[in-house]
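> First, the structure itself, so that you have it in front of you.
Numbering (the numbering used here), first residue to last: 18 to 244.
The following block contains the structure:
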């Protein structure tokens, strides 16, 4: 009789202190407040934040938050807003559309193929760098709105359709033979550096007042850097 009484007391206690019968085999494990029980998941009504979706134009992916575009076969090359953008034009006569970086947070354009980037590029308000590496590459280049603009023209006959700088820092390196055949205009830049190698710069670049040097423009003379 004593043993029967002990069993009865234990059974009663199990039913009163945390051991009330709960389906632990086939239940859904949802607590009264709607949250998942013991599985670490949020409640059923919780909504996960939207995941970043790399824009379709970024056909080389969005590694490290940069929209990478291979423009060889594209006829519309417009960088998406809010992302840094890197456009590459590798093939001969590739990127047969003007490259539009106006909405990008920063833009780098690499025109490595011969006669690539024929229609040129337009920079936005953020830093912009354009490299005209292929022979005959780069049509008109406009970085008039850029906070900082850097253009390099190391290839033969590259950058032959003109370069326009804006009011901020601008540098143009015309090191290729016959490069910068179009006019380089940095008249309004707060600091402008244009370097013309022998055989480059068919027209003398237009520099800020008093900033002309024999090989182009320089921000070194007194008063030539007001940025």
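C-beta atoms are modelled at their ideal positions from N, C-alpha and C, and glycine is treated no differently.
(1) Cα separation between residue 228 and residue 234?
(2) Would you mind working out which of 184, 149, 183 sits nearest residue 174, comparing C-alpha positions?
(3) Quick test of your reading: residue 102 and residue 121, contact by CB under 8 Å. State the CB separation rounded to the nearest angstrom.
(4) Pop quiz: residue 115 and residue 137 are said to be a contact at Cβ under 8 Å. What is the actual Cβ separation, rounded to whole angstroms?
(5) Let me know the beta strand (DSSP E) ranges lying completely inside the segment 110-184, each 3 residues or longer, listed in chain order.
(6) What separation, rounded to the nearest whole angstrom, lies between the Cα atoms of residue 163 and residue 200?
(7) Are the beta-carbon atoms belonging to residue 208 and residue 186 less than 8 Å from one another?
(8) Measure the beta-carbon distance from residue 217 to residue 191 and round it to whole angstroms, keeping in mind my assumption that it falls under 8 Å.
(9) Take the Cβ of residue 95 as the centre, count every other Cβ of all protein chains shown within 10 Å, and call the residue buried at 16 or more, exposed below.
(10) Candidates 99, 93, 189: which alpha carbon is nearest residue 322's?
(11) Using the three-state DSSP reduction, which class does residue 68 fall into: helix, strand or coil?
(12) Exposed or buried, what is residue 197 when buried is set at 16 or more other beta-carbons lying within 10 Å of its beta-carbon?
(13) Whole angstroms are fine: how far does the CA of residue 168 sit from the CA of residue 224?
(14) Rounded to whole angstroms, what is the Cα-Cα separation between residue 80 and residue 132?
(15) Reducing DSSP to helix, strand and coil, say where residue 78 ends up.
(16) Which same chain residues, not among the five before or five after residue 83, have their C-beta less than 8 Å away from its C-beta?
(17) Report, in whole angstroms, the separation of the C-beta atoms of residue 161 and residue 182, which I expect to be a contact under 8 Å.
This is what the structure gives:
(1) Spanning the two alpha carbons is a distance of roughly 6 Å.
(2) Comparing alpha-carbon positions, the option among 184, 149, 183 lying closest to residue 174 turns out to be 149.
(3) Contact flag correct, Cβ pair sits at about 4 Å.
(4) Yes, they are in contact, since the Cβ atoms of residue 115 and residue 137 sit about 6 Å apart, within 8 Å.
(5) Secondary structure remark: continuous beta strand (DSSP E) runs of at least 3 residues inside the segment 110-184, in chain order: 116-118, 123-128, 138-140, 145-149, 158-160, 165-169, 180-182.
(6) Each residue's alpha carbon lies about 19 Å from the other.
(7) Yes, Cβ-Cβ distance for residue 208 and residue 186 is below 8 Å.
(8) Their Cβ separation, rounded to whole angstroms, is 4 Å, which keeps residue 217 and residue 191 in contact under 8 Å.
(9) The residue is buried, with at least 16 neighbouring Cβ atoms inside 10 Å.
(10) Outside the shown range of the chain (18 to 244) lies residue 322, about which nothing can therefore be said.
(11) Correct three-state label for residue 68: coil.
(12) Result: buried.
(13) The alpha-carbon atoms of residue 224 and residue 168 are separated by roughly 16 Å.
(14) Roughly 28 Å between the two C-alpha positions.
(15) Here residue 78 sits in coil by DSSP.
(16) Excluding positions up to five away in sequence, the list reads 100, 101, 102, 103.
(17) Contact holds; Cβ gap of about 7 Å.
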